[in-house]
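Each residue of the sequence shown is one higher than the one before, starting from 736 at the first, in my numbering.
Each remark here refers to the structure printed beneath this line.
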Amino acid sequence: MSVDSVKAFFKERNLNYKVLELDHLTSTVELAAKALNVEEGQIAKTLAFKLQNDEKLLVVVRGDARIDNKKFRQKFMKGKMLSPSEVELETGHPVGGVCPFGLSKNIPIYLDISLKAFTEIFPAAGAINAAVKIPTDELCNIVKAEWVDICKQ
């Protein structure tokens, strides 16, 4: 059902992006990069956080990037990653398939500037074997996100 919500998201917005449903798992950066034959940095991993004030948010970063805790706290406040059960409850997507498309709840979305190193990136598409190829500069507008700088260099 989660892949269907991603497809519906694109259809409702008249966006012609094809969801790639693969025979191989894409649930980790390494697996996704191998299945899609791209470098790990081009995989756009979506991380779900809960802030101290209980607000939830999604941050999309390049596959080989790590969150810089100091930068994260300066931009938001102290937060922690959601548990796998919380992730699915808040996004409608399973861990390994979380993406900024077709969410079950309205959650703020942020894109880390680390993604700008690539003209095209591959976020998951709602399942552990699904992804979508999307131009990096279009992603921000499509998901109504804000650019942030919260990853380690």
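Glycine included, every Cβ here is placed at the ideal spot set by N, Cα and C.
- CA-CA distance, K810 to V883, rounds to 8 Å.
- In terms of CA proximity to Q787, K813 leads the group V794, K813 and N772.
- Counting along the chain, R801 sits inside no beta strand (DSSP E), nor does DSSP assign it H or E at all.
- With fewer than 16 other Cβ atoms from the protein chains shown falling within 10 Å of its own Cβ, K887 counts as exposed.
- Secondary structure note for A770: its alpha helix (DSSP H) is the uninterrupted segment V764 to L771.
- With 16 or more other CB atoms across the displayed protein chains lying within 10 angstroms of its CB, L846 is buried.
- For P858, the uninterrupted beta strand (DSSP E) run begins and ends at E855 to P858, by DSSP.
- Rounded to the nearest angstrom, the gap between the Cα atoms of S820 and G861 is 15 Å.
- Y845 is bridged by DSSP to V794 and E881.
- In the DSSP assignment, L786 is bridged to G814.
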